[in-house]
Every structure is written in structure tokens, then in C-alpha cells.
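Everything below concerns the one structure shown next.
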Amino acid sequence: MEVKSAYRVLKIFELLSKNKSGLTIADISKKLDIPQSSTSNLIRTLYSSGYVARDEAKKYVLGVRLIQLGSVAMESFDIGAVAKPILQKLTQKVQETAFLAIRAQYEVVYILKIDSNRSANTTAQPGYHRPLYNTGLGKAFLSAMTREEQEKIFSNIELKPVTKHTITDKNVLIRQLEQFKRQGYAIDDEESEYGLYCIGTTISTVDKNIEAAISISGSKTRIISNKEAIIEDMFDAANEISRKLGGK
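Number 418 marks the last residue of the sequence shown (the numbering used here); no jumps.
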């Protein structure tokens with residue numbers, strides 16, 4: 171029975187990975203030919219453990235816990251392996267902390283963190299997840315989306331204030347994202363952590379999809395004083411990663 175349950179869990183993961191908009195318990199049961207009662211029990215366990223997530227329509231998608239478990243593997247595979255030496259060079263050049271992240275539905279998940287000799291007032295670490303709407307990495311992902319895609323995200327999240335600088339008005343945020351789209355980079359101005367200023371941009375892969383984002387984070391005073399040079403160096407790093415992945 172345990173072997174059968176483990177096999178069913180793996181099939182559920184595979185099925186959800188191919189259906190990013192989510193599936194109901196009935197959908198999963200039908201597609202995998204598993205009794206609905208058994209499917210419900212498995213999904214309940216996976217949901218309570220964070221391995222699957224559920225939206226307001228009661229559709230299930232892969233959960234952040236899977237991303238956290240895979241963060242170590244990601245570091246030595248594909249984007250992580252390609253990005254690490256490039257981000258190390260970027261960090262040495264700008265003397266600020268660099269991050270690589272991927273998107274997991276309504277959040278960003280940090281894959282790499284490259285520290286500099288200067289301290290960055292951030293609690294973020296590989297495997298940690300943060301909202302899309304108040305981080306430089308998250309807003310880079312949002313700015314690359316269509317308006318329809320953005321609205322779908324906003325309909326499923328609450329714009330909660332994390333600091334007094336967090337933008338909680340959807341219309342204000344959308345206007346900001348339009349500006350970020352034009353300029354090619356996004357900014358978190360103490361919206362996720364006090365004293366932290368973050369600049370992020372996206373990375374495309376061989377299929378031209380936006381698969382990851384990188385950012386530079388540090389003291390607001392330091393980043394702003396060297397902002398233009400940091401942005402230029404960050405763009406160079408993002409383009410190099412994209413080229414190595416067969417992207418832009």
C-alpha cells in the first residue's frame with residue numbers, strides 16, 4: 171500500500187507540473203484513474219505539508235516546499251550552475267549582494283545568494299520564498315507579464331504592507347510595473363525590508379520564456395549612489411546568463 175501511495179504521489183507531481191493553472195481533486199482523480207477518496211487523502215497530506223498549494227477556485231498546483239527541496243539541486247543544475255560564476259563576478263565588481271530566483275506561482279523562491287564584503291540587511295537565503303509584489307525580483311517577474319497575467323496574480327493575492335513603504339494600491343503598483351517594463355529593471359525601495367534597496371531584472375531561456383531573475387541588493391544609500399553603474403553591470407550579467415542558456 172505504501173509503495174502504491176508513493177507511486178501515486180509521484181504521478182500527481184508529474185501531472186501538476188504539466189498543468190500550471192491547477193487542477194481540482196476531481197480532475198486529478200479522473201486523469202490518473204485514482205479513486206477520488208484516495209486522491210483527496212493524498213492531496214490533503216501534500217497540502218498540509220506545503221508540497222501542493224491551492225487557489226481560490228480550489229485548484230491545486232505544485233507547492234513551494236518542492237522548490238525549497240530542489241534549491242540545492244538547482245544550484246548545480248541548469249540556471250543555477252550557469253548563473254553562479256557570473257553572479258560571483260558581478261558581486262566582486264559592484265561589491266553588493268547578488269541573488270538568483272525563480273517564480274513559484276505567486277512568490278519568488280531564492281536559488282542562489284552571492285554575498286559581497288559589504289553587509290546587506292536582508293534575511294533572504296536560498297530556499298526562502300517572498301511575495302512577488304514587494305520584492306525587486308518579484309516585480310521584475312510581474313513587469314515582464316501581460317496585463318491579463320498580472321490581473322490573474324492580483325486576484326489571488328492580498329497586497330499586505332510588509333513595511334510602511336510597501337505598495338498596497340493595485341493601480342499604483344500596475345503603473346509602476348509599466349515603468350519597470352519600459353526600463354527593463356524593477357526596484358524594491360525598502361518595500362520588503364527596511365534599509366534594503368534592490369534592483370532586479372529577468373532572464374530568458376532557450377524557449378524565450380522568463381524562467382529566472384537576478385538582483386543586486388544592499389544599503390539604500392550605497393546602491394543609489396552607484397545606481398547607473400550597477401544597473402549596467404547587472405544587465406551585462408543577465409544577458410550573459412541568457413546567452414549561455416540559449417536565450418536573448
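Ideal Cβ positions, reconstructed from N, Cα and C, are used throughout, including at glycine.
Buried or exposed for Val-264, going by 16 or more other Cβ atoms inside 10 Å? Buried.
Would DSSP call Tyr-217 helix, strand or coil? helix
Note the first and the last residue of the continuous alpha helix (DSSP H) segment covering Thr-391. 390 to 395
Would a C-beta distance cut-off of 8 angstroms place Val-278 and Phe-311 closer than the cut-off? yes
What's the C-alpha gap between Gln-320 and Thr-293? 27 angstroms
If you drop the 5 nearest sequence neighbours on each side, which residues of the same chain put their C-beta closer than 7 angstroms to that of Ile-401? Tyr-355 and Ile-369
Are Val-234 and Ala-274 touching if we call contact CB-CB under 8 angstroms? yes
Is it buried or exposed, Ala-268, if we count other Cβ atoms within 10 angstroms and call 16 or more buried? buried
For the candidate residues Lys-309, Leu-216 and Lys-254, whose alpha-carbon lies nearest to that of Leu-180? Among Lys-309, Leu-216 and Lys-254, the Cα nearest to that of Leu-180 is on Leu-216.
Determine the closest residue to Thr-139 out of Pro-301, Lys-259, Gln-353 and Lys-334, with distance taken between C-alpha atoms. In the structure as shown, the chain begins at 171 and stops at 418. Residue 139 is therefore absent and cannot be evaluated.
Three-state secondary structure (DSSP) of Gly-370: strand
Sorted by chain position, which residues of the same chain lie with C-beta nearer than 6 angstroms to Ile-380's C-beta, five sequence neighbours on each side aside? Ala-314, Thr-372 and Ser-374
Under three-state DSSP, which class holds Lys-125? Since the first and last residues shown for the chain are 171 and 418, residue 125 lies out of range.
Interface flag, Thr-336 vs chain B, CB-CB below 8 angstroms: Here there is only one protein chain, and chain B is not present.
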